[in-house]
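Numbering (UniProt numbering), first residue to last: 1 to 418.
Below: the structure, in structure tokens.
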Ligand code: UD1
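Okay, here's the thing in structure tokens:
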């Protein structure tokens with residue numbers, strides 16, 4: 001038996017909440033620490049389950065890692081091991097981002113194909129094509145990505161899609177390659193910019209961070225650094241959407257509002273009043289949210305990681321919303337859990353059509369991934385009665401102190417230990 005939440009609906013969320021470092025940044029920054037022998041320190045690391053899991057992956061590669069609250073200290077060895085085995089990587093997808101650093105340091109890597117969220121097939125073809133462009137051989141063998149190169153030589157790489165993970169792996173391989181690499185159609189997510197900032201502090205030469213073309217000039221070696229992880233825009237926006245859904249008033253601190261511009265604009269379209277602050281934003285809603293259409297896209301588009309929360313909002317909005325998922329093909333699986341809560345929602349291919357109703361009706365529901373889990377808790381907050389949310393270890397992977405924060409905002413939530 002795993003833990004579950006009992007979520008009591010009806011409260012209006014009110015107050016202030018602080019957001020920690022971004023999960024999708026810290027895990028990549030931890031991998032990037034492998035690029036330089038010596039001690040790299042990351043601060044503002046979120047206290048989520050994936051951070052110690054990533055620490056185990058790095059330990060398996062020969063690093064020493066300590067975690068103390070929001071500080072992670074990684075001592076990377078002179079000669080990392082190059083084999084990340086299945087036991088280390090199976091529990092989470094981000095483990096695959098050691099591939100680029102291992103290629104850069106060891107010129108070879110064997111990384112077991114990771115597990116991760118049930119949101120659709122997640123191939124690594126673009127990661128591999130990028131490494132091949134830099135002169136590596138790469139194949140999938142016995143459940144592992146195997147890559148090897150006599151030398152990594154900078155080259156033009158054009159991505160078919162601005163994949164976050166492929167951009168990161170190719171970037172981290174290119175920083176220690178010979179000569180210049182250009183990555184066209186690169187991902188522009190704030191977490192990629194954060195990685196570029198840290199790599200530059202380590203001595204990497206990168207131009208174009210935050211644009212679709214990254215130009216990397218390889219250097220001989222990098223040095224360790226100290227870096228503060230950016231705030232988690234997905235966690236921050238989750239609280240903002242929860243405020244609008246519950247007709248509440250929530251101030252979110254610790255996240256750059258510029259990383260959420262489109263999401264905040266959508267909340268304004270629902271009738272919310274949104275104020276941006278130097279280190280966050282405030283969302284107020286005193287009526288029923290108006291239905292809005294949402295279409296997920298790579299940054300600066302609407303994040304796919306907030307699609308379940310957008311569906312949650314749509315279930316109680318006034319009118320009909322069309323939510324289109326353009327990034328992960330199977331990310332609507334959780335919608336049947338929303339239907340269990342009485343939502344009037346149906347999906348057809350990569351569209352979901354949701355007719356808002358006044359109030360959902362509590363029921364037992366099951367989380368299938370981190371974000372779907374958070375979306376189901378938000379739905380529980382606007383349901384009559386007590387909603388039992390099962391398999392909440394998914395939520396623990398991405399939301400630090402989730403029930404403490406929700407309780408502080410006035411939400412009815414209780415963790416029942418398995
Ligand atoms: C990262 C985030 C995840 C977020 C996603 C999109 C982490 C740990 N996870 O995942 O939370 O939802 O970005 O913002 O940072 N694809 C291929 N071939 C490849 C690589 C990707 O076809 O080689 C496809 C994927 O199947 C998916 C799309 O490209 O359909 C986008 O994936 P990608 O941007 O790579 O997401 P991740 O890095 O896995």
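Cβ coordinates follow ideal geometry from the N, Cα and C atoms, glycine included.
Since the structure is predicted, the reported quantities are computational estimates derived from the model, not experimental observations.
Check                                                                                                         : Outcome
Residue from 22, 109, 14 and 370 with nearest C-alpha to residue 259                                          : 22
Per DSSP, the bridge partner or partners of residue 5                                                         : 389 and 415
Secondary structure, alpha helix (DSSP H): runs of 4+ residues fully inside the stretch 135–182               : 164–174
Pair within 8 Å by beta-carbon distance, residue 48 and residue 398                                           : yes
Residues bridged to residue 419 (per DSSP)                                                                    : In the structure displayed, the chain extends from 1 to 418; residue 419 sits before or after that span and is not available.
Cβ contact check for the stretch 166–178 and the stretch 128–139: 3 or more pairs under 8 Å                   : yes
Residue 127 CB to nearest heavy atom of ligand 1 below 7 Å                                                    : yes
Reduced DSSP category for residue 282 - H, G, I as helix; E, B as strand; rest coil                           : strand
Under the three-state DSSP convention, the category residue 212 falls into                                    : coil
As assigned by DSSP and simplified to three states, the class of residue 230                                  : coil
DSSP three-state assignment for residue 259, whether helix, strand or coil                                    : helix
Cutoff 6 Å; reference residue 72; Cβ partners in own chain excluding five residues on either side             : 42 and 45
Bridge-paired residues (DSSP) for residue 302                                                                 : 296
Coarse secondary structure for residue 67, derived from DSSP in three states                                  : strand
Close beta carbons around residue 318, own chain, < 8 Å, minus the five adjacent residues each side           : 288, 289, 290, 291 and 356
Residues that residue 364 bridges to, as DSSP identifies them                                                 : 388
Extent of the continuous beta strand (DSSP E) to which residue 345 belongs                                    : 344–348
Proximity of residue 103 and residue 159 at Cβ, strictly below 8 Å                                            : no
Distance between residue 284 and residue 94 (C-alpha atoms, nearest Å)                                        : 34 Å
Three-state class that DSSP yields for residue 320 in the structure shown                                     : strand
Enclosing alpha helix (DSSP H) for residue 36 [first to last residue]                                         : Run containing residue 36: none; DSSP gives neither H nor E here.
Cβ-heavy atom distance, residue 225 to ligand 1, below 7 Å                                                    : no
Counted within 10 angstroms of its Cβ, other Cβ atoms place residue 265 as buried (16 or more) or exposed     : exposed
Burial state of residue 165 (16 or more Cβ within 10 Å)                                                       : buried
CA-to-CA distance, residue 62 to residue 243, given in whole angstroms                                        : 44 Å
Buried versus exposed call for residue 52 [16 or more other C-beta atoms within 10 Å across all chains shown] : exposed
Where the alpha helix (DSSP H) containing residue 369 begins and where it ends                                : Element bounds for residue 369: n/a, residue is neither H nor E.
Neighbour-count burial assignment, residue 302, 16 or more Cβ in a 10 Å radius                                : buried
Whole-angstrom distance between residue 140 and residue 86, CA atom to CA atom                                : 14 Å
Residue 224 versus residue 109: straight-line alpha-carbon distance, rounded                                  : 21 Å
beta-carbon residue 325 near ligand 1 non-hydrogen atom, thresh 7 Å                                           : no
Close Cβ partners of residue 209 (< 6 Å) along its chain, the five nearest in sequence each way excluded      : 193 and 196
Residue 163 beta carbon near ligand 1 (any heavy atom closer than 7 Å)                                        : yes
Near ligand 1: residue 369 beta-carbon under 7 Å from a heavy atom                                            : no
Straight-line Cα distance separating residue 145 from residue 256                                             : 35 Å
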